[in-house]
Structure formats: structure tokens, C-alpha cells
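This report refers to the structure that appears directly beneath it.
In the working numbering, the protein residues as written are 17 to 106.
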């Protein structure tokens, strides 16, 4: 039986399932535009959504933001870390 029922799933699990089973992945265009990053040939970095970063990466990013005196970014990263730690405690 074939179905086009949408199922929420983590991206890593979806890719693995797709590879193992040969099932194609369909992604909402709005979501991919929101989560994707533009490719620039001469770029030296990559923009990632904040929810794709581990706690360790967030803490390193805070240190870098502070050393570069980017306090607005450091504040945003701190809020994300606090939010995640609160959710872990619940």
C-alpha cells in the first residue's frame, strides 16, 4: 500500500531510512529555504541554524563572539544554551 502521509522525523533518521529503504525524501520548500544556506563559491564559512549546533559548539561560539566583542551574538547563544539546559532538567 502506498501512502503520501507526512511523518515528522529527525533529518538524520530520515536520510538513513531513505538510503536503507530506497524511499525518496520530500521536504517542504518553505522549510528548506528557512533551514538552508546559500552557496557562495568564494565563501570561507557556512551558516548553520542554531538548533543544529551542539552545546559544546555553542559554548565555543560564545567564547569567540566575546573575543570578537560581538556581545549581541554572545547573548543570543547564551539564551539558547540556557533554554536547552532547562529542557534537559525537565
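Idealized CB from N, CA, C, for every residue including glycine. Values in this document were obtained by computation on a predicted structure and should not be read as measured data.
{"Query": "If we ignore side chains and look at the alpha-carbon of each, how far apart do residue 116 and residue 28 end up?", "Result": "This structure cannot speak to residue 116, because the chain is shown only from 17 to 106."}
{"Query": "Taking Cβ to Cβ, would you say residue 94 is nearer than 8 Å to residue 78?", "Result": "yes"}
{"Query": "For a quick check, are the C-beta atoms of residue 68 and residue 81 less than 8 Å apart?", "Result": "no"}
{"Query": "Short check: CB of residue 25 to CB of residue 34, under 8 Å?", "Result": "no"}
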